[in-house]
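K.L.:
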Amino acid sequence: MDDPQPTIDTDLVRRLVDAQFPRWRDLPISPVASG
Numbered sequence: 000m001d002d003p004q005p006t007i008d009t010d011l012v013r014r015l016v017d018a019q020f021p022r023w024r025d026l027p028i029s030p031v032a033s034g
């Protein structure tokens, strides 16, 4: 059985960075290819 890739979008990453690293909240976030 294949495990589907999790969906991690830039909105999720932005929320995580804002919560964990507030000093970095203004840094740009760009999607990258998986694998």
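Residue numbers (numbering that gives the first Met the number 0): 0 to 34.
For glycine and all other residues, C-beta sits at the position ideal for the given N, C-alpha and C.
1) I'd like the list of long-range same chain contacts for Thr9, defined as Cβ closer than 7 Å, with 5 residues on each side in sequence excluded.
2) DSSP state of Ala18, grouped into three classes?
3) Would you report the Cα separation of Arg22 and Asp2, rounded to the nearest angstrom?
4) Which residues in the same chain have their Cβ closer than 8 Å to the Cβ of Asp17, if we skip the five residues on either side of it in sequence?
P.N.:
In short:
1) Within the sequence shown, residue 9 is the residue found at index 10, counting from 1. Within its own chain, the residues whose Cβ lies closer than 7 Å to the Cβ of Thr9, once the five positions on either side in sequence are excluded, are Ile28, Pro30, listed in chain order.
2) The residue labelled residue 18 in the question sits at position 19 within the sequence shown. Note: Ala18 maps to helix in three-state DSSP.
3) Here the question's residue 22 lines up with position 23 in the sequence shown. Here the question's residue 2 lines up with position 3 in the sequence shown. So the alpha carbons of these two residues sit roughly 35 Å apart.
4) Stepping through the sequence shown from its first residue, residue 17 is reached at position 18. Its chain contains Arg24 as the residues whose beta carbon lies nearer than 8 Å to that of Asp17, once the 5 sequence neighbours on both sides are disregarded; these appear in chain order.
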